[in-house]
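Have a look at the structure below before the remarks.
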Amino acid sequence: AQSVTQLDSHVSVSEGTPVLLRCNYSSSYSPSLFWYVQHPNKGLQLLLKYTSAATLVKGINGFEAEFKKSETSFHLTKPSAHMSDAAEYFCVVSGGSARQLTFGSGTQLTVLP
Amino acid sequence: ETGVTQTPRHLVMGMTNKKSLKCEQHLGHNAMYWYKQSAKKPLELMFVYSLEERVENNSVPSRFSPECPNSSHLFLHLHTLQPEDSALYLCASSQAVGAKTGELFFGEGSRLTVL
Chain A
1 AQSVTQLDSH
11 VSVSEGTPVL
21 LRCNYSSSYS
31 PSLFWYVQHP
41 NKGLQLLLKY
51 TSAATLVKGI
61 NGFEAEFKKS
71 ETSFHLTKPS
81 AHMSDAAEYF
91 CVVSGGSARQ
101 LTFGSGTQLT
111 VLP
Chain B
114 ETGVTQTPRH
124 LVMGMTNKKS
134 LKCEQHLGHN
144 AMYWYKQSAK
154 KPLELMFVYS
164 LEERVENNSV
174 PSRFSPECPN
184 SSHLFLHLHT
194 LQPEDSALYL
204 CASSQAVGAK
214 TGELFFGEGS
224 RLTVL
């Protein structure tokens, strides 16, 4: 069994300040973990993925995430927020195949000018 | 044209109508998926097709009927829907269902409103 919890449903930051979106997971297996982003009226786009290689994963648009097994966390960060980062972000855990993905409830990121 | 394309982008239908959602992928993938995205709820996997065979039906009511005529096309036929079926329906594809990386490529979705 697997599950994922996104700890904040909404996060607001000012443009140019750091972003932290929190995700905790549980899995009976050695998981793969993903962050997807969804802009308004768009589909989901992969930001980054962890698949048992380096624990610090870099993604697109300056985002990165660190896999911490001891804390069962996979938090998403960005040093400096941009207005275009405003979107909904989903943390996803995989039990080993594309059909076994479990999605979090999402975190809505608002970037204030 | 590249990626995953869904049509129509918006659909309004009455409870007695019959309509279909279409998805097409141009990525050469072998697996295709239907997801339902409702407000305030996590994405719900509905159906999975691998090489045109349905490999998963996630307890979806029979008023939703999928069809996969080939590995590039996926349909969701809708019949006698309920207002609670109003949602964004997302199509996705992946290289293979069993791919360890599990990465999905999503279309932009079809926004369905049932009156």
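Protein sequences, first through last, are from chains A and B. Mapping the first sequence onto our numbering, position 48 (from 1) lands on 48, and the numbers just tick up by one. Each number in our numbering comes from the position in the second sequence (counting from 1) with 113 added on. Even for Gly, the Cβ is constructed at its ideal location relative to N, Cα and C.
Grouping DSSP H, G and I as helix and E and B as strand, with all else coil, what is residue i?
{"i": "B:Pro179", "result": "strand"}
{"i": "B:Glu137", "result": "strand"}
{"i": "B:Met229", "result": "The structure shown does not extend to residue 229 of chain B, since chain B is modelled only from 114 to 228, so the question has no answer here."}
{"i": "A:Gln2", "result": "strand"}
{"i": "A:Asn41", "result": "coil"}
{"i": "B:Gln119", "result": "strand"}
{"i": "A:Ser84", "result": "helix"}
{"i": "A:Gln100", "result": "helix"}
{"i": "B:Asn143", "result": "coil"}
Judging by CA-CA distance, which residue of the options is the nearest neighbour of residue i?
{"i": "B:Val168", "options": "B:His139, B:Leu203, B:Tyr146", "result": "B:Tyr146"}
{"i": "A:Ser80", "options": "A:Gln45, A:Val4, A:Ser14", "result": "A:Ser14"}
{"i": "B:Leu164", "options": "B:Thr226, B:Ser206, B:Glu157", "result": "B:Ser206"}
{"i": "A:Phe34", "options": "A:Val4, A:Thr102, A:Cys91, A:Gly95", "result": "A:Cys91"}
{"i": "B:Tyr162", "options": "B:Leu156, B:Asn143, B:Arg176, B:Phe177", "result": "B:Asn143"}
{"i": "B:Val210", "options": "B:Glu157, B:Val125, B:Glu166, B:Val117", "result": "B:Glu166"}
{"i": "A:Thr72", "options": "A:Leu20, A:Thr17, A:Ser30", "result": "A:Ser30"}
{"i": "B:Tyr202", "options": "A:Leu20, A:Ala53, A:Val37, A:Lys42", "result": "A:Lys42"}
{"i": "A:Arg22", "options": "A:Leu7, A:Ser28, A:Val11", "result": "A:Leu7"}
Here's a check: name, in chain order, each residue in its chain whose Cβ is nearer than 8 Å to the Cβ of residue i, leaving out the five neighbours to either side.
{"i": "A:Ser9", "result": "Ser105, Gly106, Thr107, Gln108"}
{"i": "B:Ser185", "result": "Glu137, Gln138, His139"}
{"i": "B:Leu217", "result": "Tyr146, Ala205, Ser206, Ser207"}
{"i": "A:Pro40", "result": "Ala87"}
{"i": "A:Tyr25", "result": "Gln2, Ser3, Val4, Thr5, Pro31, Leu33, Thr72, Ser73, Phe74, Cys91, Val93"}
{"i": "A:Thr17", "result": "Ser80, Ala81"}
Residues in its own chain within less than 6 Å of residue i by CB, not counting five upstream and five downstream?
{"i": "B:Val173", "result": "Met159"}
{"i": "B:Phe306", "result": "A query on residue 306 of chain B cannot be resolved here, the shown segment of chain B reaching from 114 to 228 and no further."}
{"i": "A:Phe67", "result": "Tyr50, Thr55, Phe74"}
{"i": "A:Gly62", "result": "Lys78"}
{"i": "B:Lys131", "result": "His192"}
{"i": "B:Asp198", "result": "Val227"}
{"i": "B:Gly127", "result": "Leu228"}
Beta-carbon within less than 7 Å of residue i's beta-carbon, same chain only, minus the 5 sequence neighbours each way: which residues are those?
{"i": "B:Gly151", "result": "Correcting the residue type first, residue 151 of chain B is Ser in the shown sequence and not Gly. Counting only Cβ-Cβ distances below 7 Å, and skipping sequence neighbours, we find Ala200."}
{"i": "A:Gln100", "result": "Ser94"}
Quick one: is residue i buried, meaning 16 or more other Cβ sit within 10 Å of its Cβ, or exposed?
{"i": "B:Leu154", "result": "The sequence shown places Lys at residue 154 of chain B, rather than the Leu named in the question. The residue is exposed, with fewer than 16 neighbouring Cβ atoms inside 10 Å."}
{"i": "B:Pro182", "result": "exposed"}
{"i": "B:Gly220", "result": "buried"}
{"i": "A:Ser102", "result": "Strictly speaking, residue 102 of chain A in this sequence is Thr, with Ser absent from that position. Answer is buried; the Cβ neighbour count reaches 16."}
{"i": "B:Val125", "result": "exposed"}
{"i": "A:Ala53", "result": "exposed"}
{"i": "A:Ser28", "result": "exposed"}
{"i": "B:Gln195", "result": "exposed"}
Segments of 3+ residues assigned as beta strand (DSSP E) that fall wholly inside the segment 156 to 203 of chain B:
157 to 163, 166 to 170, 177 to 183, 186 to 192
For the segment 45 to 71 of chain A, list every residue whose C-beta sits within 8 Å of some C-beta in chain E, in sequence order.
Of the protein chains in this structure, namely A and B, none is chain E.
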